[in-house]
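Residue numbers (this note's numbering), protein chains in the order written: chain C, 1 to 437; chain E, 438 to 773.
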């Protein structure tokens, strides 16, 4: 069996799993798995770019995904009336001053002669800068948050089409990644891991606490959909032409409208995935991709050949994070809401890692396959676990405490299963389902 | 100006909580640093190991409470601690046998072991949630305070009260005992010396006839004991919630790295540095400053540098500063 046949069969197998969901459970569930699978596949491509191509150990995926979601709010929601004149510019000014303080401190650290005077100067700049920043920042934030706090209380967005928010999410994530990469990429692999883990937590903390930005834990609802590709159920159900088409397919209008909306998303996501996959494949085959793998396999040798390892690492770190940002923006669009409280590193960082490792790190198709497979399992392990628990407990007496506990706990089977899959793959097929060529 | 009241307020809100939290972090960081020194990888499953040990302690405590056993004014969980340590030792030894040993024999790269520990993290997290559920569990009992704020005020006649919780007192005492035992073991016993030799130079240690599997096994046993103790103390002080233990991973790693990975003394120092910075930077200083400032010059705001939700940011920034200026940590750690 050749490589291509085997890989095609693997994709067909995962596809049939999703189709099987459609036939046995519901098509809505199946398309939901497909849509999140597509988004997960994009995240996997991002992580694969960093880990598979360059060997960078980034466990801050969650942060970049969340930044993508933030971009959606900042780009596509309507602006809050009065927020910009009330305090928006003041906040921007404060943030610029804060950044200027840090830059001034860094320049002092680099340019001034070393010694006690330098240390005192740095500390002085930081302290004065911090108090000036807080003095301007606090009243302006209070002004913004006072505007209609029940529904707004944030700066609002630019009211642009939501599709523009996807590249914007990529840009925002790329910007953050550049800052992080500049400071943390020189570190050894496990230090980089801890650093990125911390940065992701900080990004989530900022999104939860800075209410003026995107309402914090009060969440943002009603993010516009990428019309006209994705419609609104109510409008579709009122459209006589749509009802006629639904009847022709033998579906009732309500189900048909929900399916139509989800399929609209699937179409958009598939286009993005195909474009990114094509780009990642081209990058992998190009001289640049070969250089990346050379650096990954032997940094010292690559450096001796005149490759600027730090710059290349920064480059690929920014690119991979940007892809995760795009995926995050797409996910927030699909949800129609931004809920910073739901970002959890197990789900958004480590699960993506499981996808890449199971699929095959270093191989883009492997990452995509792993994403679909693991996402399918992540969703389906819960009902499967419940079924298993019902089977195990079927002989136990009704009303026994153990039985109730086992059935209640079935939902937690998924973490266990993911860990088990990861360990089994690492042990018996460490290069993944579709290994790197 | 009222220096005494300021000092009491400072102790009550900053010093006492930070010392207790620092002891918990130090115990956690010791586990991370020992694994790094002997097994040579960063164990991402450490937070969940702590959660597993603490979970057994919670379950045994409930059992003892149901059986009517109590420890007088002290929390029953202390009686449950030895059982919890035993349970945790069994878990980590089984994990080592089934998972890590294979990669050790292969001489896999440290980064592979880190990814493997990610898988172990998922499994342990799943087991804990499966057995006890994801919710908050309280299991502290006995006397709540060693010194309560009201008694302190009555005793000294000051306006500010000083409260020391039993859990805080126990945390410090247990941590001191555990650290003393660990250092006695590492410095005085033959096995401890062989562990340090193995950590310093693996090949040389093998040549002098040290059995690596035995060193690894003892390391895991010590790590399980430290992790369970840290987990139980943290649970007594705050409350037991599996996800919180997972999140402790960041300050624990920050402590270990700031002190110098692989260096036990550094882990303890790092734990206190991180704890004190977190508490001082996220504490609202208004009260203390109001006592210290002259009349009419009291601060109007809360004088809080960062909101408490940014405590991760504090540990992280310290971590970054130390790494940029002193990459091996404050105390000389290993650089693999």
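Backbone N, C-alpha and C define an ideal beta-carbon position, used for all residues, glycine too. Treat the numbers as computed from the prediction; the structure is a model and nothing was measured.
- The DSSP assignment places 547-569 as complete runs of the alpha helix (DSSP H) inside the segment 542-570 of chain E, in order along the chain (cut-off: 4 residues).
- Each of 454/E, 731/E and 652/E was checked against the Cα of residue 714/E, and the nearest Cα belongs to 454/E.
- Within chain E, the residues 548 have their CB atoms less than 7 Å from the CB of residue 189/C, given in chain order.
- The segment 582-591 of chain E makes no contact with the segment 511-527 of chain E; the number of CB pairs closer than 8 Å stays below 3.
- Listed along the chain, the chain C residues whose CB falls inside 8 Å of the CB of residue 492/E amount to none; the nearest CB is some 13 Å away.
- Under DSSP, residue 574/E takes part in a beta bridge, and its partners are 677/E.
- Within the DSSP secondary-structure output, residue 582/E pairs in a beta bridge with 602/E.
- Between residue 233/C and residue 258/C, the CB-CB gap stays under 8 Å.
- Look at residue 511/E here: in three-state DSSP terms it is strand.
- The beta carbon of residue 629/E sits no closer than 8 Å to any beta carbon of chain C.
- A contact is defined here as three or more CB-CB pairs under 8 Å, and the segment 661-676 of chain E fails this definition with respect to the segment 171-183 of chain C.
- Taking 8 Å as the cut-off between beta carbons, the residues of the segment 180-205 of chain C near chain E are 183, 184, 187, 188, 189, 190, 191, 193, 194, 195, 197, 198, 199, 201, 202 and 205, in sequence order.
- Residue pairing of residue 156/C in beta bridges, as defined by DSSP: 79/C.
- With a cutoff of 8 Å on beta-carbon distance, residue 81/C and residue 200/C are scored as not near each other.
- Judged by their CB atoms, residue 615/E and residue 600/E are not nearer to each other than the 8 Å cut-off.
- Sixteen is the threshold: when 16 or more other Cβ atoms of the shown chains lie within 10 Å of the Cβ of residue 380/C, as they do, the residue is buried.
- Taking CB atoms only, residue 750/E has a neighbour in chain C less than 8 Å away.
- With a threshold of 16 other beta carbon atoms within 10 Å, residue 544/E falls short and is exposed.
- DSSP lists 338/C as the bridge partner or partners of residue 220/C.
- Taking CB atoms only, residue 536/E has a neighbour in chain C less than 8 Å away.
- Going by beta carbons, residue 376/C and residue 18/C fall inside the 8 Å limit.
- For the 8 Å CB-CB criterion, residue 576/E and residue 499/E form a contact.
- Neighbours of residue 350/C in chain E, taken as residues at a C-beta separation under 8 Å, are given in chain order as 555, 558 and 559.
- At a cut-off of 8 Å between C-beta atoms, residue 564/E counts as an interface residue with respect to chain C.
- Against chain C, the beta carbon of residue 671/E has no neighbour under 9 Å; the closest one sits roughly 18 Å away.
- Residue 89/C is classed as exposed because its beta carbon has fewer than 16 other beta carbons within 10 Å across all chains shown.
- For residue 537/E, there is no enclosing alpha helix (DSSP H), since its DSSP letter is neither H nor E.
- Between residue 169/C and residue 326/C, the CB-CB gap stays under 8 Å.
- Distance check between residue 671/E and each of 451/E, 449/E, 484/E and 447/E places 484/E closest, using alpha-carbon atoms only.
- At a cut-off of 8 Å between beta carbons, residue 292/C makes no contact with chain E.
- Within the same chain, Cβ atoms closer than 8 Å to the Cβ of residue 367/C are found at 41, 44, 45, 47, 48, 52, 355, 356, 359, 360 and 361, the five residues on either side in sequence being excluded.
- Identification of chain C residues near residue 744/E by a Cβ-Cβ cut-off of 7 Å yields 209, ordered along the chain.
- In this structure, residue 105/C sits away from residue 137/C, with a CB-CB distance that is not shorter than 8 Å.
- Against chain C, the CB of residue 551/E has a partner CB under 8 Å away; the residue lies at that interface.
- With fewer than 16 other Cβ atoms from the protein chains shown falling within 10 Å of its own Cβ, residue 305/C counts as exposed.
- Apart from the 5 residues on each side of it in sequence, residue 508/E sits with its Cβ closer than 8 Å to the Cβ of 515, 516 and 579 in its chain, given in chain order.
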